[in-house]
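Just so you know, we're using full-length UniProt numbering here: the sequence shown kicks off at 1 and counts up by one.
Glycine included, each C-beta is placed from N, C-alpha and C at the ideal position.
Contents: one structure, followed by commentary.
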Amino acid sequence: MTDTDDMPMTSPPGEASASDVARGSGVALWKQIAERIEADIAEGRLKPGARLPTEAEFAERFGVNRHTLRRALATLTEQGLVEAMPGRGTFVKEPPLRYPITPRTRFSEIVSGEGRAPGGRVIASRIVPAATDIAAALRVPPGTDALRLDMLREADGVPLTIGTHWYVAERCRDLDLIAAATGSVTRALEALGLGDYRRLETRITARPADEEERSLLALPAGRTVMVVESINGDARRQPIQFTRARFSADRVQLVVKN
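The structure is reproduced here in structure tokens:
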């Protein structure tokens with residue numbers, strides 16, 4: 001089927017349909033479709049975070065083939081208006097979440113403060129000998145037993161960051177079990193009497209997302225992650241946590257506050 005012989009289709013009231021595109025107007029159908037969806041986003045008919053219909057549903061609604069529809073969606077993606085998440089669908093892109101880096105950085109508080117629902121789950125946990133860089137960050141001898149905790153954190157169900165955390169195992173017994181039960185590192189540390197931790201150091205770099213990160217963060221190929229390495233300490237500034245977090249670069253805006 002070609003664009004010239006696609007037949008108009010009907011659609012529910014208030015939704016874009018084949019009547020919104022004009023064949024023979026001199027304006028390519030994919031461009032008309034992109035403009036119609038863009039207008040629906042701008043005028044609030046499609047809200048930030050809303051899941052778009054499938055390609056098949058959109059193609060039927062506009063009365064075009066999927067090739068035409070894909071070109072329209074690709075244009076909207078390039079404009080930063082929609083985002084395709086592998087295995088999840090295509091969504092109206094939300095503005096980047098402002099993520100302040102302060103002496104007291106707390107994921108759940110930050111996400112809640114932005115009007116979104118925080119979520120988290122433990123991916124894996126195990127005791128490992130502290131490598132040289134981990135040991136230096138925690139100020140313990142290399143090879144000291146360290147608890148490694150990997151977590152995926154979300155806002156409104158959208159994955160934002162993968163965090164790998166290391167703790168001196170002897171000081172943080174059962175922290176992984178508490179984090180798994182609560183979905184929160186902060187709550188786990190509070191349960192161990194370490195809830196008043198403070199940021200001692202932050203380092204920020206960026207690189208292309210690897211295969212595992214693309215899978216967990218639902219990122220298409222070619223996307224970038226911001227890597228935030230941080231050390232948090234107790235009231236005596238003794239390190240209790242070293243974290244290497246990988247943020248989806250276009251979903252989060254890091255704000256460093258002095």
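| Check | Outcome |
| --- | --- |
| Taking the straight line between their C-alpha atoms, what separation do you get for ARG88 and ARG237? | 42 angstroms |
| Going by Cα to Cα distance, which pick from LEU73, ARG173, ALA50, VAL185 is closest to ARG36? | LEU73 |
| Is it buried or exposed, SER184, if we count other Cβ atoms within 10 angstroms and call 16 or more buried? | buried |
| Would you mind sorting GLU213 into buried or exposed? The rule is 16 or more other CB atoms within 10 Å of its CB. | buried |
| For a cutoff of 8 angstroms on Cβ pairs, would you count LEU254 as touching chain D? | Absent here is chain D; the protein component of the structure consists of one chain. |
| Would you mind listing the beta strand (DSSP E) stretches within the region 145-189 that are 3+ residues and don't spill past its ends, in chain order? | 145-155, 158-168 |
| Grouping DSSP H, G and I as helix and E and B as strand, with all else coil, what is ARG61? | helix |
| Can you find the residues in the same chain that come closer than 8 angstroms, C-beta to C-beta, to ALA131, ignoring five residues on each side of it along the sequence? | PRO142 |
| According to DSSP, is PHE247 helix, strand or coil? | strand |
| Taking just the CA atoms, how far does ALA136 sit from residue 269? | Coverage of the chain is limited to positions 1 through 258, which leaves residue 269 absent and any answer about it impossible. |
| Would ARG126 be called buried (16 or more neighbouring beta carbons within 10 Å of its own) or exposed? | exposed |
| At 4 residues or longer, what runs of the alpha helix (DSSP H) sit wholly inside the region 44-94? | 55-62, 66-78 |
| Ends of the beta strand (DSSP E) at LEU254? | 252-256 |
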